[in-house]
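Worksheet: the structure to be examined is printed underneath.
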Amino acid sequence: MNNNKKPDKVTIFDVAREAQVSKSTVSLVLTHSDKVSDKSREKVLTAIDKLGYVYNRDAAALRSKRSNLVAVVINDLTNPYSAQLAVGLEKHIYALGLVPMLVNTSEDLTRQLQVVNTLKEYNVSAFVMVPAPGTTMEWVNQLIDSGFPVINIMREIPYSNAPCILPDNQKGTHLATLHLLDQGLERLAFLGGTPDISDYHERLGGFRSALALRQMTQPMPEITAQTNRQGGREAFSTLYAQAPNTQAVVCFSDVIAYGVMEAMREHGLVPGKDIKVVGFDDLADSRLMKPALSSVRIDADDIGKRTCQALAEIINKSQPAVRTLVDVSLQLRESSV
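Residue numbers are given in this note's numbering: position 305 of the sequence shown equals residue 562, and the series is strictly consecutive.
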């Protein structure tokens, strides 16, 4: 047996275990950050003394050097609008002299946590994210506090420290609903989306605000559904069972509207004639539908441009706007006129 075996080097993980704090807390103490409590700082310093940990500042400086990679974390690349958004982001990120690294979370919070942890190892210069459902303010703020800038797009995490670039969701559905009400229609419904994402509440809010403006006091159906084509089919079937006399529907997205129109035909109804339909996103395919789908247009390139303006400000050590709203417009076609 070799009694002269060199002892294992004490690591930051050993210090965190001894102090009963997270690795990030130890890192904050080592870099003299003011974002850690006095109590936690004392626990870490005590553990360092006990274990004899030596902080290699040269290695730490090398590790902390940011790459020219920008992590673009998209919620669902099977959604055509998400693909348009990714293309717009890539173009503007390249224009900054940076390189986008695109990943897809498939609306899965666990997968989002995994990919972000992996991307942190590449020392990306920032995260541009469409947050998955269930993303918390605490998680976003912890990512920022650990030294990684975050910009949230399309969805907002309320009260987080990340700047947010959003389409004016409420304006979009407000305009769409007024368009239907101004035709004398009185039995409307809102279809699609789930309450665990911010854009659902904003788009539903626009629907409700238009009804209130026109003093429509009777309850209107609001059917939640997953944000895919099948979700639209299921939402319409539920609606038709509850309110078969519905005259028009405002859909959470164009993809939802596609499923809704398919389900209408299965019930022997003609979209745009028996029930009017408005979507949201204005995908290229929406103009090719039969009938062509009315939709709220979001300029994906403008979202990318505004996002990269905020990214440039962060890189240049200035503070971007906390919340940026990108304008939308209503594109009228056969399905609602």
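All residues carry an ideal CB built from backbone N, CA and C; glycine is no exception.
Close CB contacts of N418 within its chain, under the 6 Å cut and outside five residues either way in sequence, are with N398 and I401 (chain order). H436 sits buried, since 16 or more C-beta atoms from the chains shown fall within 10 Å of its C-beta. In the three-state reduction of the DSSP assignment, G463 falls in the helix class, which pools H, G and I. By DSSP's assignment, M386 forms a beta bridge with V330 and N409. Taken in chain order, the complete alpha helix (DSSP H) segments of 4 or more residues contained in the region 443–517 are 455–470 and 486–499. The beta carbon of L285 sits closer than 7 Å to the beta carbons of K292 and V293 from its chain, once the five residues preceding and following it are set aside; these are given in chain order. For G536, the enclosing beta strand (DSSP E) starts and ends at K533 to D538.
If you draw a straight line from the Cα of A505 to the Cα of P528, it comes to about 9 Å. Contact between S466 and V535 fails: their C-beta atoms lie close to 15 Å from each other, not under 8 Å. With a cutoff of 8 Å on beta-carbon distance, G449 and A482 are scored as near each other.
If the five residues before and after V372 are omitted, its C-beta is found closer than 6 Å to the C-beta atoms of V360, all from its own chain and listed in chain order. Taking 8 Å as the upper bound for CB-CB distance, G516 and R490 are in contact here, some 4 Å apart.
Under the DSSP assignment, L366 falls in the alpha helix (DSSP H) whose first and last residues are L366 to K377. A residue is called buried once 16 or more other Cβ atoms fall within 10 Å of its Cβ, and V585 is buried on that count. If you draw a straight line from the Cα of P388 to the Cα of T503, it comes to about 34 Å. In the assembly as shown, L540 is a buried residue. Its beta-carbon has 16 or more other beta-carbons within 10 Å. Per DSSP, I269 lies in no beta strand (DSSP E); the unbroken alpha helix (DSSP H) holding it starts and ends at I269 to A276. Within a 10 Å sphere around the beta-carbon of S455 sit 16 or more other beta-carbons, which makes this residue buried. Contact annotation: the region 563–578 touches the region 415–429, with at least three C-beta pairs closer than 8 Å.
Taking 8 Å as the cut-off, the beta carbon of A433 is found no closer than this to the beta carbon of V512.
M358 sits in a strand when the DSSP states are folded into three classes. Taking N409 as reference, the option from Q588, R590 and V579 with the minimal CA-CA separation is V579. Here L550 carries a coil assignment [DSSP, helix/strand/coil].
Bounds of the alpha helix (DSSP H) holding V283 are K280 to L287. Bounds of any alpha helix (DSSP H) do not take in L526, whose DSSP letter is neither H nor E. In this structure, P357 is the residue among P357, L468 and V283 with its C-alpha nearest to the C-alpha of G561. Annotation: V397 is outside any beta strand (DSSP E); the continuous alpha helix (DSSP H) that includes it extends over M394 to D402. Sorting R471, S324, E519 and T335 by C-alpha distance to the C-alpha of Q440 places R471 at the top. If you draw a straight line from the Cα of A498 to the Cα of N485, it is about 20 Å long.
DSSP places R580 inside the beta strand (DSSP E), whose first and last residues are R580 to V583.
Under the three-state reduction of DSSP, L353 is assigned to coil, being neither helix nor strand. Taking C-beta separations shorter than 8 Å and ignoring five residues to either side along the sequence, the partners of M546 in its chain run Y515, M518 and S592, following chain order.
V329 is positioned such that its CB atom lies no closer than 8 Å to that of V267.
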